[in-house]
Amino acid sequence: MTQPEHEGHGPKRRWAVAELSQKKPTRFRFEPSPEERAALAEEMGISAVRKLRFEGELKPRGKRDWILEAHLGATVVQPCVVTLEPVSTRLEEDVRRHFSADCADPDEEEVELADDDGMEPLGEVIDAGAVMAEALALALPLYPRASGAALEAAQFTEPGKAPMTDEEARPFAALSALRDSLKKGEN
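Throughout the sequence shown, residue numbering follows the numbering used here, covering -13 to 173 in sequence.
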């Protein structure tokens, strides 16, 4: 697998569209450093990104469009929504983006949404690192739970008083009771 040359450490994550080969796919594979994974975890508001790998290829589609197809593999740690204990989750996601020269720029005033959810406007640069971060954010579990964690019913009331039930908490329960008592009074 050939990695494009660039300044800096590690494999290239951004390509100028003008420099991409129109004849063959540009393959890539990168695994962010521990520092980069820590920065991603902080940005996403999770405890840690233990492992992260993004590999795939950019291939031309027609004369002006590009397709990015890749696989994201990650192990993330998030707090349990019930107990706040760390929950480790393994993520495996296939990622596809279509960079189109005909796609409207989302910064314009009027934008017509494309039928393809993975379609993005083609700029001067394709940033696979940004696609990786977005795919990771979208793949995160919304409500991670530790095994065996159960949400218990919470009861809040003053000492010596009975807690309110769900039946009593209904907004129209009192009106219903009033209507029923008025009907009884008419009979």
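By construction, the Cβ of each residue, glycine as well, lies at the ideal position given by its N, Cα and C atoms.
Treat the numbers as computed from the prediction; the structure is a model and nothing was measured.
Collapsed DSSP secondary structure at residue i in the structure displayed
i      : result
A116   : helix
V63    : strand
V68    : coil
T(-12) : Note that T(-12) has pLDDT 40, beneath the 50 cutoff, so the model's placement of it is unreliable and the number below is only indicative. It is coil, neither helix nor strand.
M105   : strand
R36    : strand
L6     : coil
M150   : coil
R156   : coil
G121   : What sits at residue 121 in the sequence shown is Ala, not Gly. Correct three-state label for A121: helix.
S133   : coil
Proximity winner among the options, relative to residue i (alpha-carbon distances)
i    : options               : result
A25  : R156, R36, R15        : R36
R39  : P46, V63, F14         : F14
A132 : E21, E71, K45         : E71
V62  : R23, R(-1), L54, K147 : R23
V81  : L124, T69, G31        : L124
A87  : E17, S74, V67, G48    : G48
R0   : K10, F16, K9          : F16
A116 : L6, A4, P18           : P18
Q8   : R165, E106, P46, D51  : P46
I252 : C66, A148, A60, W52   : Residue 252 cannot be examined here, being either before or after the span of the chain that is shown, -13 to 173.
A60  : A34, T151, L6, T12    : A34
F85  : A114, V73, Q64        : A114
Q64  : E79, E41, G134, I32   : I32
A119 : L6, A27, P20          : A27
E79  : E41, C66, P20, E106   : E41
G134 : V73, K170, L161, D166 : V73
Bridge partners - residue i, DSSP secondary structure assignment
i    : result
I53  : K45, H84
P11  : Answer by DSSP bridge pairing: none, since P11 is not bridged.
R0   : D113
S162 : For S162, which the question treats as bridged, DSSP gives no partner whatsoever.
L77  : A60
F16  : F40
Check whether residue i and residue j have beta carbons under 8 Å apart
i    : j    : result
C89  : L77  : no
L126 : L58  : no
K43  : E55  : The amino acid at residue 43 is misidentified as Lys; the sequence shows Glu. A contact, by the Cβ cut-off of 8 Å.
A2   : E138 : no
P145 : T75  : no
V68  : A136 : yes
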